[in-house]
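Novice:
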Amino acid sequence: MANHKSALKRHRQSLIARARNRAMKTRVKNAIKAVREAVESKDTAAAQDALRAATAVLDGAASKQIIHWKTAARKVSRLNLAVNKLAV
Numbered sequence: 001m002a003n004h005k006s007a008l009k010r011h012r013q014s015l016i017a018r019a020r021n022r023a024m025k026t027r028v029k030n031a032i033k034a035v036r037e038a039v040e041s042k043d044t045a046a047a048q049d050a051l052r053a054a055t056a057v058l059d060g061a062a063s064k065q066i067i068h069w070k071t072a073a074r075k076v077s078r079l080n081l082a083v084n085k086l087a088v
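Numbered per the UniProt record's numbering, the sequence shown finishes at 88, counting up by one with no gaps.
1. Candidates S41, V39, L79: which alpha carbon is nearest V57's?
2. Out of K9, W69, I32, point me to the one whose CA is closest to R52's CA.
3. Taking buried to mean at least 16 other C-beta atoms within 10 Å of its own C-beta, is K75 buried or exposed?
4. Have a look at R22 and I66 and give me their C-alpha separation to the nearest angstrom.
5. If I follow the unbroken alpha helix (DSSP H) through M24, where does it start and stop?
Below is the structure:
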């Protein structure tokens, strides 16, 4: 553990950022899970609503650089594909 005042502050800040990042990653996972569950239950309306919410959460995580923007785009694309297959 650091002893300098600035290093102690940096450590406190990193703990706060870590908690924020972990919370956002959990939100991302839960949003993706909600879409997959709606697709599995073959509920088109619920799947589309969950997809809309998941897209917003993924885009938010990407804009804050919690996940890479290409990772977010890939996940949105795959969820979109699953929902669109359900609608057909």
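We put the CB at the ideal spot given by N, CA and C, even for glycine.
Specialist: Per the coordinate set shown:
1. L79
2. I32
3. buried
4. 9 Å
5. 5-40
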